[in-house]
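J.: Dumping the structure here so I can ask a few things about it.
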């Protein structure tokens with residue numbers, strides 16, 4: 157995912173929140189074929205402490221299946237929740253759960 161900071165102070169007074177716009181894309185490996193998945197969504201972060209940030213996402217997602225899966229394109233609403241566990245200043249472990257994706261990965265800040 158590639159994220160762009162949209163609102164550094166967030167919208168809630170007295171809450172440590174920020175808003176990002178993200179795009180995600182990459183391969184999805186299935187048992188007998190593969191697909192290309194993508195998404196564009198807003199991510200609203202809520203910082204709990206120096207170690208944990210929780211977030212909610214909302215936007216659009218999609219998938220382009222290969223020929224063995226009917227060679228079709230699907231676009232759908234994308235909503236979910238997740239977290240960052242901050243290991244270092246610019247490195248975190250990211251988890252995400254949405255209706256089409258369960259993800260565990262790494263996040264690097266620039």
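In my numbering, the protein residues as written are 157 to 266. Where a beta carbon is used, it is the ideal one built from N, C-alpha and C, also for glycine.
1. Do residue 213 and residue 198 have their C-beta atoms within less than 8 Å of each other?
2. Quickly, what does DSSP pair residue 173 with across the bridge? List them, please.
3. Would residue 244 be called buried (16 or more neighbouring beta carbons within 10 Å of its own) or exposed?
4. On a CA-only basis, which of 265, 257 and 211 is nearest residue 182? Give me that one, please.
T.: Here's the rundown:
1. yes
2. 202
3. exposed
4. 257
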